[in-house]
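Engineer: Residue numbers (the numbering used here), protein chains in the order written: chain A, 83 to 512; chain B, 83 to 512.
Backbone N, C-alpha and C fix where the C-beta goes; we use that ideal spot for every residue, glycine too.
In this text the structure is predicted, and so the values were computed from the model without any measurement.
Take a look at this one; I'll ask things after.
Protein chains: 2
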Amino acid sequence: MDTIRIGMLGCGTVGSGVVTILARSGDDIAARAGVRLEIVRVAVRDLARDRGLPLSADVFTDRPEDVVAADDVDLVIEVMGGRGRAGDLVRSALANRKPVVTANKQLIAHEGPELRALAAEAGVDLMYEAAVAGAIPIIRPLKESLAGDRIRRVIGILNGTTNYILTRMTEEGASYDDVLAEAQELGYAEKPDPSADTGGHDAAAKTAILASLAFDSAVTDPDVFREGIERVTATDIAVARRLGYVVKLVGIASEVDGAVAVRVHPTFLPETHPLASVRLAFNAVYVEADGAGELMFYGPGAGSEPTGSAVLGDVVDVVRNLLQTVRGPLESTHRAATVRPMEDLTTQYYVLLDVEDRSGVLAAVAATFGQHDVSIAQVWQEGVGDHAQLVLITHRARESNLRSTVEALAATGGVRSVANVLRVESEGRS
Amino acid sequence: MDTIRIGMLGCGTVGSGVVTILARSGDDIAARAGVRLEIVRVAVRDLARDRGLPLSADVFTDRPEDVVAADDVDLVIEVMGGRGRAGDLVRSALANRKPVVTANKQLIAHEGPELRALAAEAGVDLMYEAAVAGAIPIIRPLKESLAGDRIRRVIGILNGTTNYILTRMTEEGASYDDVLAEAQELGYAEKPDPSADTGGHDAAAKTAILASLAFDSAVTDPDVFREGIERVTATDIAVARRLGYVVKLVGIASEVDGAVAVRVHPTFLPETHPLASVRLAFNAVYVEADGAGELMFYGPGAGSEPTGSAVLGDVVDVVRNLLQTVRGPLESTHRAATVRPMEDLTTQYYVLLDVEDRSGVLAAVAATFGQHDVSIAQVWQEGVGDHAQLVLITHRARESNLRSTVEALAATGGVRSVANVLRVESEGRS
Chain A
83 MDTIRIGMLG CGTVGSGVVT ILARSGDDIA ARAGVRLEIV RVAVRDLARD RGLPLSADVF
143 TDRPEDVVAA DDVDLVIEVM GGRGRAGDLV RSALANRKPV VTANKQLIAH EGPELRALAA
203 EAGVDLMYEA AVAGAIPIIR PLKESLAGDR IRRVIGILNG TTNYILTRMT EEGASYDDVL
263 AEAQELGYAE KPDPSADTGG HDAAAKTAIL ASLAFDSAVT DPDVFREGIE RVTATDIAVA
323 RRLGYVVKLV GIASEVDGAV AVRVHPTFLP ETHPLASVRL AFNAVYVEAD GAGELMFYGP
383 GAGSEPTGSA VLGDVVDVVR NLLQTVRGPL ESTHRAATVR PMEDLTTQYY VLLDVEDRSG
443 VLAAVAATFG QHDVSIAQVW QEGVGDHAQL VLITHRARES NLRSTVEALA ATGGVRSVAN
503 VLRVESEGRS
Chain B
83 MDTIRIGMLG CGTVGSGVVT ILARSGDDIA ARAGVRLEIV RVAVRDLARD RGLPLSADVF
143 TDRPEDVVAA DDVDLVIEVM GGRGRAGDLV RSALANRKPV VTANKQLIAH EGPELRALAA
203 EAGVDLMYEA AVAGAIPIIR PLKESLAGDR IRRVIGILNG TTNYILTRMT EEGASYDDVL
263 AEAQELGYAE KPDPSADTGG HDAAAKTAIL ASLAFDSAVT DPDVFREGIE RVTATDIAVA
323 RRLGYVVKLV GIASEVDGAV AVRVHPTFLP ETHPLASVRL AFNAVYVEAD GAGELMFYGP
383 GAGSEPTGSA VLGDVVDVVR NLLQTVRGPL ESTHRAATVR PMEDLTTQYY VLLDVEDRSG
443 VLAAVAATFG QHDVSIAQVW QEGVGDHAQL VLITHRARES NLRSTVEALA ATGGVRSVAN
503 VLRVESEGRS
């Protein structure tokens, strides 16, 4: 073989990055891979569109099913995104014994176990470094570098849009709605519906993938508990700051008593935590392992060339394997851990209540917490009169107890409404 | 094969970590590697010493040459350190077609190109993730994850001892001698001679290894320009802080016009730089690549189990290759970049002068800088009378011009002595 011929499905943001980098660094990549790489077919929806890329017009086709079947394609890059169609095409490619490199987090998060089994059966590679945290190498470190260790917890800032919004809210005291509107103008958030990001769906898919690798188990997207950042207010962030925390949307995968807990939600994170200083659209993944201790991986979580770089790193790996007629290591699922129900989580909580500004309310609120076995660590009142609010930080408590508490609080005399509840990541593992 | 038999050279800090982790996580590791791993021979100097490790007494030998020759050893772990003897043993192991995993930075930094060639010839793996930055996965990301990209600069905090000393000096305003003495008591610095760390030798070896991988070239330890932290004073650190910098010992490898610049020295680093918040004995490596952008890898840079974890990650990789009868990717050296002389460096500088407290001195000093084409960005006087000092921050200048300036300053009227000169890492690449 003197050339590896690549077929690409999709040519949007990530695909353009792949083409651009390969055109610029093709000689280096060939020297490292041991063979030249050439993009010979690219499936797109709109053949008429000029993408301004260094590719000859005849590589483009609107028949992706031809790309995954073609005899002149040695390796398939899938960067079209989504599940149904992309999933069918990836399955066809694997069935045709073509290795696949994908940046598709939704596909891997939902169908990873099935697709990995297909790849194993076909004896070809399926790689997806670009599906989590863009350019940051995290799949390979979890799967290979830490293969001699035991991971206990992974915490990630995995979505640039929400981290951008929370950073701006924190640094400027701005409201969620104002920052979101600006982020949409700047292209950081989708218009008109930003909920794939703000609702935590994107981060949840990535967290499922990380949990699978960290705990040698088949964790999929529906296993992930998920809350978005839509209800985070400037007040929540101000309270957090006063107590030495920042509010971040994090994905947390941890192992407790042999079960895996997987969740995405806004969290009070101590401002001394390495993740606390990750600003704007940057991503980072923090890993706690028995032997290695605490590691962090930081970088751009999205973007054309960063994600393209991750795709090409995988491509070089696949090509090296092709030349030796082997495939890379399989994901291990030997631990087959069950997923722990969210109700069993134990952590600290921040509770903000709109209350009537009169004596006796605090006593009633405190009694409600006590009746549900949730112990209060700190409490104070914000505002007066119609704007009176109680801020409470609890000690570590069970999620189920906290939920009962919140339900009961809504019916507690003097409590107008439960304005917000957020989890607080303290030092202990949960 | 149902067991991979490991021979280990040395059983000190790192070796104990390997044994401990393997005993604790052997089942997981076997599931991931596809086969059980067993340590069958361990070469030590002192057979009589009880190491309290979960190994039967009969695996120990004081004849390392037997370990690398033994028919019942499939894979060699070298954790004895040093060059001469360790190098001979690694060469023997490779000649006997046994793959080698080593944590030996001095060996790889000096003899890496030769050893890699031997390994390639023998068709076996030589891996050394543990040689740089302990538990932090950095070799694999540079060699594999970024194989589709072009790296422009790598900056690392690669030595825990010096970072510990500088952190304590920064946070407590303490002197170098006081913190060093305490670090020696605590076991963070060697006694009586801490110079392998404080003189930058350890960091230089690691920087050479990183430069080789980042720039597809054979960079070895003697190519690295090196200055230690012994001359850094509380005054330097106080001045840095006032200007928004922290002082860190960093290894910097960068590419300029096709040549590689490789250097280790204390540096003023902007306090907003991701590396600036790396405290105490932690390490971190910051990578700038064309496609991926800016990445950072953070974690413990040393220690028994962290380094043992990195060794075992490599071991699992080697074992997976052994089972497929292949070897992992070779380091590419196709770029074969030359090393740029330090004199050609362009960066900013901090210069501290002991001066006479009288008029005309500043004019003379400024004239001296001007005569050597070094432009001054900021200047002020500290102290009065016998303690008068001039602090100068230059614009970007050539190292050779700065050196001429410093020589001339020593002979400039009113200048008592050049107290210190440190480089300042500004935003631009150098």
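1) Under the three-state reduction of DSSP, which class applies to ALA113/B: helix, strand or coil?
2) Any beta carbon from chain A within less than 8 angstroms of ILE103/B's own beta carbon?
3) Nearest-angstrom Cα distance between LEU472/A and VAL437/A?
4) List, in chain order, every chain A residue whose beta-carbon is nearer than 8 angstroms to that of SER227/B.
5) Does SER512/B come out as helix, strand or coil in the three-state DSSP assignment?
6) At the level of alpha carbons, what is the spacing between GLY495/B and VAL443/B?
7) What is the rounded straight-line gap between the Cα of ALA449/A and the Cα of SER457/A?
8) Please list the partners that ASP231/A has in chain B, where partner means a Cβ-to-Cβ separation under 8 angstroms.
9) Quick check on ARG87/A - is its C-beta less than 8 angstroms from some C-beta in chain B?
10) For the alpha helix (DSSP H) containing GLY166/A, name the first residue and the last one.
11) Under 8 angstroms between beta-carbons, which chain B residues line up against LEU91/A? List them in chain order, please.
12) Counting only beta-carbon atoms, is ILE121/A nearer than 8 angstroms to chain B?
13) Quick one: grab the DSSP three-state call for ASN584/A.
14) Can you list, in chain order, the residues of its chain with a C-beta nearer than 6 angstroms to that of GLY116/A? Leave out the 5 residues immediately preceding and following it.
15) Which of the residues in the segment 257-288 of chain B, read from start to end, lie with their CB under 9 angstroms from any CB of chain A?
16) Counting only Cβ pairs nearer than 8 angstroms, list the residues of chain A close to HIS355/B.
17) Does chain A have any CB closer than 8 angstroms to the CB of HIS416/B?
18) Put ASP436/B into one of helix, strand or coil per three-state DSSP.
19) Could you check the C-alpha separation between ASP455/A and TYR380/B for me, to the nearest Å?
20) By DSSP, does HIS347/A sit in helix, in strand, or in coil?
21) Tell me the DSSP bridge mates of VAL96/B?
22) Residues in the same chain with beta-carbon distance under 7 angstroms from THR389/A, minus the five sequence neighbours each way, listed in chain order, please.
23) PRO388/A versus chain B: which residues are under 8 angstroms apart at the beta carbon?
24) Counting only the same chain and skipping the five closest in sequence on each side, list residues whose C-beta sits under 6 angstroms from that of GLY163/A.
25) How about GLN99/A: is its C-beta nearer than 8 angstroms to some C-beta of chain B?
26) Quick check: what's the CA-CA separation for ALA501/B versus VAL433/B?
27) Between PHE379/A and chain B, is any beta-carbon pair separated by less than 8 angstroms?
28) Could you pull out every residue in the same chain whose Cβ sits closer than 6 angstroms to the Cβ of ILE334/B, ignoring the five residues on either side in sequence?
29) Here's a check: name, in chain order, each residue in its chain whose Cβ is nearer than 7 angstroms to the Cβ of ILE319/B, leaving out the five neighbours to either side.
30) Below 8 angstroms, can you find three or more Cβ-Cβ pairs linking the segment 479-491 of chain B to the segment 416-435 of chain B?
31) So the alpha helix (DSSP H) ILE291/A belongs to, where does it begin and stop?
32) What does LYS273/A pair with, by DSSP beta-bridge criteria?
33) CA-CA distance, VAL261/B and ASN245/B?
34) Just to check my reading of the structure: ILE221/B and VAL183/B have Cβ atoms closer than 8 angstroms, yes? What is that Cβ distance to the nearest angstrom?
35) Using 8 angstroms as the threshold, is the C-beta distance between ALA204/A and ARG179/A below it?
Structural biologist: Reading off the structure:
1) helix
2) yes
3) Here the C-alpha atom of LEU472/A lies approximately 7 angstroms from the C-alpha atom of VAL437/A.
4) GLU211, PRO219, ARG222, ALA392 and GLY395
5) Confidence at SER512/B is low in this model, with a pLDDT of 42, below 50, so its placement is unreliable and the value that follows should be read with caution. In this structure, SER512/B counts as coil in the three-state DSSP scheme.
6) 7 angstroms
7) Straight-line Cα distance between these residues: approximately 10 angstroms.
8) Within 8 angstroms of the CB of ASP231/A, the CB atoms of chain B belong to ILE103, SER107, SER391, LEU394 and GLY395, in sequence order along the chain.
9) no
10) 166-177
11) Residues of chain B passing the Cβ test: none, with the nearest at roughly 18 angstroms.
12) Cβ-Cβ to chain B under 8 angstroms: no for ILE121/A.
13) Coverage of chain A is limited to positions 83 through 512, which leaves residue 584/A absent and any answer about it impossible.
14) LEU405
15) Taking 9 angstroms as the cut-off between beta carbons, none of the residues of the segment 257-288 of chain B comes near chain A.
16) By Cβ distance, chain A contributes nothing, its closest Cβ being about 11 angstroms from HIS355/B, past 8 angstroms.
17) yes
18) strand
19) 39 angstroms
20) Here DSSP, grouped into helix, strand and coil, assigns HIS347/A to strand.
21) Residue pairing of VAL96/B in beta bridges, as defined by DSSP: absent, with no partner found.
22) VAL96, GLY99, ALA185, ALA212, GLY216 and ALA217
23) GLY373, ALA374 and GLY375
24) Answer for GLY163/A: ASN186, listed in chain order.
25) The question names Gln, but residue 99/A is Gly in the sequence shown. Closer than 8 angstroms: yes.
26) 8 angstroms
27) yes
28) Excluding positions up to five away in sequence, the list reads ILE237 and ARG345.
29) MET251, THR252 and VAL329
30) In this structure the segment 479-491 of chain B touches the segment 416-435 of chain B; the number of beta carbon pairs closer than 8 angstroms is three or more.
31) 283-296
32) Answer is none; LYS273/A lacks a bridge partner.
33) 11 angstroms
34) Rounded to whole angstroms, the Cβ separation of ILE221/B and VAL183/B is 11 angstroms, and the two are not in contact under 8 angstroms.
35) In contact: ALA204/A and ARG179/A (Cβ atoms closer than 8 angstroms).
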